[in-house]
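The structure under discussion appears below in the form of structure tokens.
Residue numbers (the working numbering): 45 to 130.
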């Protein structure tokens with residue numbers, strides 16, 4: 045599970061990864077590169093649903109994904125409060 049206070053941010057970050065995958069697809073990224081991003085993101089819903097607190101581990105995964113796939117906005121989505129209008 046993710047700390048209840050960070051759950052909206054975790055979902056917002058996961059949404060950002062989906063957006064990044066779509067951008068990569070439209071930009072013609074290789075199938076292997078796009079699959080790599082999705083493979084990395086595959087663990088995140090499991091961490092959200094886990095019975096033990098996985099907040100720090102979730103952040104580590106998001107940090108690695110953000111660095112590897114040049115999408116620092118995803119980590120910012122997790123670290124900063126979710127916009128009210130979201």
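Idealized CB from N, CA, C, for every residue including glycine.
query	result
Contacting residues, own chain, Cβ-Cβ under 6 Å from residue 99 (five flanking each side not counted)	46, 47, 50
Distance between beta carbons of residue 88 and residue 102, contact taken as under 8 Å	6 Å
CA-to-CA distance, residue 113 to residue 122, given in whole angstroms	16 Å
Own chain, CB closer than 7 Å to residue 65, minus 5 neighbours either side, in chain order	78, 81, 82
Proximity of residue 60 and residue 126 at Cβ, strictly below 7 Å	no
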